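Chemist: Quick one: this structure, given as structure tokens, is what I'll be asking you about.
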Amino acid sequence: MQKLKIRGGKPLFGTVSVSGAKNAAVGILPAALMAGGGCVIENLPDIEDVRLFMDIFRKMGADVEFDGTSMNISGEGMRNPKADFELVGRMRASYYLLGSMLGRFGRAEVALPGGCFIGVRPIDLHIKGMEALGATTWLERGVLMAEAPKGLKGADIYLDTVSVGATINIMLAAVWAQGQTIIANAAKEPHVVDVANFLNCIGASVRGAGTDVIRINGGRELRGCSYAIIPDQIEAGTYMIAAAAAGGDVTVRNVIPTHLEAVTAKLMEMGYSVTEGDDGREFYMQVRSDGQRPRGVNVRTLPYPGFPTDLQQPIMALLTRNKDASQVYETIFEDRFKHVPYLCRMGAEISVSGRVATVYGVDGLSGCPVTATDLRAGASLVVAGLMAEGVTAIANVDYIDRGYENIEGKLRSLGADVERTDN
Ligand code: UD1
1 MQKLKIRGGK PLFGTVSVSG AKNAAVGILP AALMAGGGCV IENLPDIEDV RLFMDIFRKM
61 GADVEFDGTS MNISGEGMRN PKADFELVGR MRASYYLLGS MLGRFGRAEV ALPGGCFIGV
121 RPIDLHIKGM EALGATTWLE RGVLMAEAPK GLKGADIYLD TVSVGATINI MLAAVWAQGQ
181 TIIANAAKEP HVVDVANFLN CIGASVRGAG TDVIRINGGR ELRGCSYAII PDQIEAGTYM
241 IAAAAAGGDV TVRNVIPTHL EAVTAKLMEM GYSVTEGDDG REFYMQVRSD GQRPRGVNVR
301 TLPYPGFPTD LQQPIMALLT RNKDASQVYE TIFEDRFKHV PYLCRMGAEI SVSGRVATVY
361 GVDGLSGCPV TATDLRAGAS LVVAGLMAEG VTAIANVDYI DRGYENIEGK LRSLGADVER
421 TDN
């Protein structure tokens, strides 16, 4: 039951380096279990979701060694396509074991996924995809069972909703399917492309990732490889927003600027100075803020390349002290405003009507005890805490640890007054 205590009102200065992308990592690790040899996955974030996967894989018989950045992983010794019920229930991305195990073993047993409660979050499209590839699926005591004793067969699959999870899961299974699979209306997020690149690195043929039509020619031999994961666009965006919120001059390193265009555009629209650069080794984004109250802006979450839903909560904290009202329209998840009552407790004025939150700018926020109800709600409260006068104590830090590596260390290196306490 740890808490983050932030004494706000201090501007941030210096450089922070972004870790590997969580949402790419949680797709690539189950994919690595499919390779017919060991893989070395580099630039992994040291976050709870990665460590949970490690425990799940070991229980399934895989060999896994992780030094906090780089993981040696081999699924060669695995004989068991059954994921531990309790561990799986703790993370959303465990659903990727459905595609990877079904492909590799012809059957999979995965408990219905846990993760952040930000809406209904069905997995009907994942199931539709597996069934289109020839699997039979059924639910047994909270465990999703899938079987394809005669193997999988390529198919044309149209996703009714753009879904990151369904796109990646179907890609994982389809690399085992005989013939061609076409995923139409596929998600285009950078982590979808990263998983596709990794699959190609182990010998699969996945073309078109990053567009809305992905073609997979299945049935190829999969071998081990070394692969470095892309930087985390959401972590980068969170530090850019935090820099704007706290004031100061922050350089966010190890980023891919094109992945950050939506958040860069919003910060610039508000009047912040955002510049991108390349020092010959890495790309970086520099955010400068003079602490003045910026203009109100409207934010509408959309699939990539639109404004990411994962940054909706952090940017809403920033909007609380804008000069004019801002509107935030959440189009992806139906219940992603759980941070709002806590921002209001800190002095924000926000009214919510369905999927639209109207944020009326106030002079400032004041610190108080608050609770992270999910991962990005936690990030939102961190941003609010950096802006607020006095101490903000954020309970349920474990949500934040699921997606941010060493958040207090990184913020402290920028001059923030942040500590982790045991109660
Ligand atoms: C992933 C990300 C999450 C991000 C989200 C949207 C991971 C591990 N998580 O979540 O951080 O917020 O993408 O960018 O990568 N849907 C269905 N049926 C399905 C699947 C999804 O209706 O079978 C709906 C969802 O309810 C939601 C929308 O599709 O409204 C998008 O969800 P999806 O992209 O699948 O999100 P996740 O993969 O869960």
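FYI, in our numbering the residues of the sequence shown are 1 to 423.
Where a beta carbon is used, it is the ideal one built from N, C-alpha and C, also for glycine.
Remember, it's a predicted structure, so these values are computed and weren't measured experimentally.
1) Using CA coordinates, which residue listed in PRO113, VAL213 and GLU140 is at the minimum distance from LEU52?
2) Taking the straight line between their C-alpha atoms, what separation do you get for LYS5 and TYR96?
3) Distance check for MET285 and THR251, CA to CA, integer angstroms please.
4) Apply the 10 Å Cβ neighbour rule to GLY378 and answer buried if 16 or more other Cβ atoms are within range, or exposed otherwise.
5) Which same chain residues end up closer than 6 Å to GLU140 when comparing Cβ atoms and leaving out the 5 residues on each side of it in sequence?
6) At which residues does the alpha helix (DSSP H) containing ALA228 begin and terminate?
7) Relative to the alpha-carbon of GLU76, which residue among ASP46, ASP335, GLY134 and GLY37 has its alpha-carbon at the smallest distance?
8) Identify the continuous beta strand (DSSP E) that holds TYR399 and give its terminal residues.
9) Any contact between the segment 253-266 and the segment 323-330? By contact I mean 3 or more CB pairs, one from each, below 8 Å.
10) Give me the Cβ distance between ARG420 and GLU408, rounded to the nearest whole Å; I'm assuming they're in contact under 8 Å.
11) For ASN23, count neighbouring C-beta atoms within 10 Å of its own C-beta (all shown protein chains included) and say buried if the count is 16 or more, exposed if not.
12) Here's the rule: buried if 16 or more other CB atoms are within 10 angstroms of the residue's CB, otherwise exposed. What is LYS150?
13) Look up CYS443 in the DSSP assignment and say whether it is helix, strand or coil.
14) Verify the contact flag: ASP374, CB atom, against every heavy atom of the ligand UD1, threshold strictly below 7 Å.
15) Does the ligand UD1 have even one heavy atom less than 7 Å from the beta-carbon of THR238?
16) Which one or two residues does DSSP pair with ASN254 in a beta bridge?
17) Closer than 7 Å: is that where the CB of ASN197 sits relative to any heavy atom of the ligand UD1?
18) Please look up how many angstroms separate the CB atoms of SER380 and ALA317, rounded, as I've assumed it's under 8 Å.
19) Specify, as a first and last residue, the run of the alpha helix (DSSP H) that ILE123 falls within.
20) How should ASN396 be labelled, buried or exposed, when 16 other C-beta atoms within 10 angstroms of its C-beta is the threshold for buried?
21) Which same chain residues, not among the five before or five after HIS339, have their C-beta less than 6 Å away from its C-beta?
22) Measuring from the CB of ILE47, is there a heavy atom of the ligand SAM at a distance below 7 Å?
23) For SER100, is the classification buried or exposed, using 16 other Cβ atoms within 10 angstroms of its Cβ as the cut-off for buried?
24) Just to confirm my understanding: we take THR373, look at its own chain, exclude 5 residues before and 5 after, and list those with CB closer than 6 Å. What are they?
25) As an exercise, report each continuous beta strand (DSSP E) stretch of at least 3 residues that is fully enclosed by the segment 180-257, in chain order.
26) If PHE333 and THR371 are in contact, beta carbons under 8 Å, what's the gap, nearest whole angstrom?
27) Got a sec, what are the start and stop residues for the alpha helix (DSSP H) GLY38 sits in?
28) When you compare the CB positions of ALA184 and ASP160, do they come within less than 8 Å of one another, or not?
29) Are the segment 42-49 and the segment 226-234 touching by the rule of at least three beta carbon pairs closer than 8 Å?
30) Going by other Cβ atoms of all chains shown within 10 Å of its Cβ, with 16 needed for buried, is TYR342 buried or exposed?
31) Quick check for students: name the residue ranges of the beta strand (DSSP E) that lie wholly in the segment 294-360, counting only runs of 3 or more.
32) Inspect the beta-carbon positions of ALA196 and MET171 and report whether they are closer than 8 Å.
33) Can you list, in chain order, the residues of its chain whose CB lies under 7 Å from that of GLU282, leaving out five sequence neighbours each side?
34) With DSSP collapsed to three states, give me the class of ILE168.
35) What number of angstroms, rounded off, separates the C-alpha of LEU411 from the C-alpha of ALA384?
36) Pull up the distance between the alpha-carbon of VAL16 and that of VAL50, whole angstroms please.
Modeler: On the basis of the coordinates in this document:
1) PRO113
2) A direct Cα-Cα distance of roughly 35 Å separates LYS5 from TYR96.
3) Their Cα atoms are separated by approximately 6 Å.
4) buried
5) none
6) Not the alpha helix (DSSP H): ALA228 falls in the beta strand (DSSP E), residues 226-228.
7) GLY37
8) Per DSSP, TYR399 lies in no beta strand (DSSP E); the unbroken alpha helix (DSSP H) holding it starts and ends at 397-401.
9) no
10) 5 Å
11) buried
12) exposed
13) Any answer about residue 443 is impossible in this case: the structure gives the chain only from 1 up to 423.
14) Not so, every heavy atom of the ligand UD1 lies at least 7 Å from the Cβ.
15) no
16) Paired residues: none, contrary to the question.
17) With a cut-off of 7 Å, the C-beta of ASN197 is classified as distant from the ligand UD1, since no heavy atom of the ligand falls inside that distance.
18) With 8 Å as the limit, SER380 and ALA317 qualify as a contact, their Cβ atoms being about 5 Å apart.
19) Looking at the DSSP string, ILE123 is not in any alpha helix (DSSP H), and its letter there is neither H nor E.
20) buried
21) GLN313, ALA377 and SER380
22) This structure simply doesn't include the ligand SAM; it includes the ligand UD1 instead.
23) buried
24) Cβ within range, chain order: LYS338.
25) 205-207, 213-218, 226-228 and 248-253
26) Not a contact, Cβ separation roughly 19 Å.
27) Neither: GLY38 is in no alpha helix (DSSP H) and is coded neither H nor E.
28) The answer is no: Cβ separation not under 8 Å.
29) yes
30) Result: buried.
31) 326-329, 349-353 and 356-360
32) yes
33) ARG253 and ASN254
34) helix
35) Looking at the two C-alpha atoms, the distance is approximately 13 Å.
36) 21 Å
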